[in-house]
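Trainee: First to last, the protein sequences are chains W and P. Each step along the first sequence adds one to the number in the numbering used here, with nothing skipped, and position 114 is 114. The numbering used here runs 119 ahead of the 1-based position in the second sequence. Would you mind keeping the following structure in view while I ask a few things?
Protein chains: 2
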Amino acid sequence: MDRHELYRLQADLCQTLADPTRLEILDLLNDGPLPVKAIVDATGQRQTKISQHLAVLRQRGIVRADRVGVEMHYAIADPRILDACHITREMLLDRLRRQGELADRFAAVLDGGAIRRVS
Amino acid sequence: MDRHELYRLQADLCQTLADPTRLEILDLLNDGPLPVKAIVDATGQRQTKISQHLAVLRQRGIVRADRVGVEMHYAIADPRILDACHITREMLLDRLRRQGELADRFAAVLDGGAIRRVS
DNA sequence: CTACGATATGCGCATCTTCGAATGTATAGG
DNA sequence: CCTATACATTCGAAGATGCGCATATCGTAG
Chain W
1 MDRHELYRLQ
11 ADLCQTLADP
21 TRLEILDLLN
31 DGPLPVKAIV
41 DATGQRQTKI
51 SQHLAVLRQR
61 GIVRADRVGV
71 EMHYAIADPR
81 ILDACHITRE
91 MLLDRLRRQG
101 ELADRFAAVL
111 DGGAIRRVS
Chain P
120 MDRHELYRLQ
130 ADLCQTLADP
140 TRLEILDLLN
150 DGPLPVKAIV
160 DATGQRQTKI
170 SQHLAVLRQR
180 GIVRADRVGV
190 EMHYAIADPR
200 ILDACHITRE
210 MLLDRLRRQG
220 ELADRFAAVL
230 DGGAIRRVS
């Protein structure tokens, strides 16, 4: 297994996470296994779409599917994926906060009339 | 900022990480800032390609670029991204280890002739 | 067997991504 | 000014992805 093969696999894993619907599904499964119907209802998306995304997550081993009677229950396969998602989410929230502060400071400067004075 | 907008941003961030070359670049920058030339040499990829990927990383705020004389030095903007990468890498390595064990056990069974006896 | 509810799959289309080739820009040296 | 070095940008082709629509499968109840 050479280094580049690992980068390829890691890129595949990231690619699997690179979809808003799939991230939302993982977030829902964070609280425990759910049948497809529950995910469809919770997201408000079409069943076909959810099923396709679940297939992607299943094929890459991110989630696990078990039959429970007539339903399929999906669950997170490796909880560490949620840690990774948490980190990226925190990074984004921090960035948004910083942008908010910047916007506030900029707005304050505008209110002070500093920009108009310059122009 | 509603929940779905955050999922979209997070998906964008994951998408940015979803490329072997970009992951390799981040890995290289893990040890400190580097000029483009060093990255090109270290990866053995074409300069155009590296520059394109650096542009992607720069636009998404993953890396920061500073002029140093005639060179551009690139650096990791938020070290937490490396934590996230580390988690996914560990997950993959674990999975590969498990697959290796499975393969070993399977090979042992094959050597024992259990499969042939079944067929 | 039939019908139904739950879930999965195949297909076609629009969109996005990646790469290489060529070209553009900028800075330092002569 | 001219050149070379270091890096960035644009463009087109090839491949990948996401979605909706229609349809298939699977388990269970009649």
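Backbone N, C-alpha and C fix where the C-beta goes; we use that ideal spot for every residue, glycine too.
Select from Lys-49(W), Tyr-7(W), Pro-35(W) the residue whose C-alpha is nearest the C-alpha of Arg-64(W).
Mentor: Among Lys-49(W), Tyr-7(W), Pro-35(W), the Cα nearest to that of Arg-64(W) is on Pro-35(W).
Trainee: Does Leu-125(P) come within less than 9 angstroms of chain W when only Cβ atoms are used?
Mentor: Answer yes: the Cβ-Cβ gap between Leu-125(P) and chain W drops below 9 angstroms somewhere.
Trainee: Taking its Cβ as the centre, do 16 or more other Cβ atoms sit within 10 Å of Val-228(P), making it buried, or is it exposed?
Mentor: Label assigned to Val-228(P): exposed.
Trainee: Our contact map puts Leu-57(W) next to Thr-21(W) with C-beta atoms below 8 angstroms; I'd like the distance itself, whole angstroms only.
Mentor: Contact doesn't hold; Cβ gap of about 10 angstroms is too wide.
Trainee: Do you know how far the Cα of Asp-12(W) is from the Cα of Ile-24(W)?
Mentor: The sequence shown places Glu at residue 24(W), not Ile. Taking the straight line joining both Cα atoms gives about 19 angstroms.
Trainee: Sort Arg-89(W), Arg-97(W), Asp-31(W) by Cα distance to Arg-127(P) and report the nearest one.
Mentor: Closest option to Arg-127(P), Cα to Cα, is Arg-89(W).
Trainee: Kindly give me the distance between the Cβ atoms of Pro-152(P) and His-192(P), rounded to whole angstroms, as I take these residues to be in contact under 8 angstroms.
Mentor: Between His-192(P) and Pro-152(P) the Cβ distance is about 5 angstroms, and since that is below 8 angstroms, they are a contact.
Trainee: Got a sec, what are the start and stop residues for the alpha helix (DSSP H) Asp-41(W) sits in?
Mentor: From DSSP, the alpha helix (DSSP H) with Asp-41(W) extends over 36-43.
Trainee: Hey, quick one: how far does the beta strand (DSSP E) through Val-189(P) stretch, first residue to last?
Mentor: Unbroken run through Val-189(P): none, as it is neither H nor E.
Trainee: Provide the residue span of the alpha helix (DSSP H) that contains Ile-168(W), from first to last.
Mentor: Any question about residue 168(W) goes unanswered here, given that chain W covers just 1 to 119.
Trainee: Are the CB atoms of Gly-180(P) and Asp-197(P) within a distance shorter than 9 angstroms?
Mentor: Yes, they are a contact pair.
Trainee: Buried or exposed: His-4(W), going by 16 or more other Cβ atoms within 10 Å of its Cβ?
Mentor: That one is exposed.
Trainee: For Glu-71(W), which option in Ile-39(W), Leu-96(W), Glu-101(W) has the closest C-alpha, if you only look at C-alpha atoms?
Mentor: Cα-wise, what sits closest to Glu-71(W) is Ile-39(W).
Trainee: Grab me the residues of Arg-117(W)'s own chain with a C-beta within less than 8 angstroms of its C-beta, minus the 5 sequence neighbours each way, in chain order.
Mentor: For Arg-117(W), the predicted structure reports a pLDDT of 43, less than 50, and the residue's modelled location is therefore unreliable. A value from the coordinates is still provided. For Arg-117(W), where only same-chain residues beyond five positions count, there are no Cβ hits under 8 angstroms.
Trainee: Between Leu-125(P) and Leu-102(W), is the Cβ-Cβ spacing less than 9 angstroms?
Mentor: Their beta carbons are not under 9 angstroms apart, which means Leu-125(P) does not touch Leu-102(W) by this criterion.
Trainee: Going along chain P, which residues have a C-beta under 8 angstroms from Gly-61(W)?
Mentor: Those are Arg-214, listed as they occur along chain P.
Trainee: Where does Ala-137(P) sit, in a helix, a strand or coil, going by DSSP?
Mentor: Ala-137(P): coil per DSSP, three-state reduction.
Trainee: Which runs of the beta strand (DSSP E) fall wholly inside the segment 69-101 of chain W and span at least 3 residues, in chain order?
Mentor: Listed in chain order, they are 71-76.
Trainee: State the Cα-Cα distance for the pair Asn-30(W) and Leu-148(P), rounded to the nearest angstrom.
Mentor: Taking the straight line from one Cα to the other gives about 32 angstroms.
Trainee: What are the residues that DSSP puts in a beta bridge with Val-182(P)?
Mentor: Ile-195(P), per the DSSP bridge assignment.
Trainee: Going by other Cβ atoms of all chains shown within 10 Å of its Cβ, with 16 needed for buried, is Gln-10(W) buried or exposed?
Mentor: Gln-10(W) is buried by the Cβ-count criterion.
Trainee: Report the CB separation of Ala-18(W) from Cys-133(P) in whole angstroms; it is logged as a contact under 8 angstroms.
Mentor: Going by Cβ atoms, the distance from Ala-18(W) to Cys-133(P) rounds to 4 angstroms, so yes, they are a contact pair.
Trainee: Run down chain P in chain order and give the residues with a C-beta less than 7 angstroms from the C-beta of Ile-87(W).
Mentor: Correct list: Arg-199, Asp-202, Ala-203.
Trainee: What would DSSP say about Asp-177(W), mapped onto helix, strand or coil?
Mentor: Residue 177(W) lies beyond the range of chain W shown here (1 to 119); nothing can be said about it.
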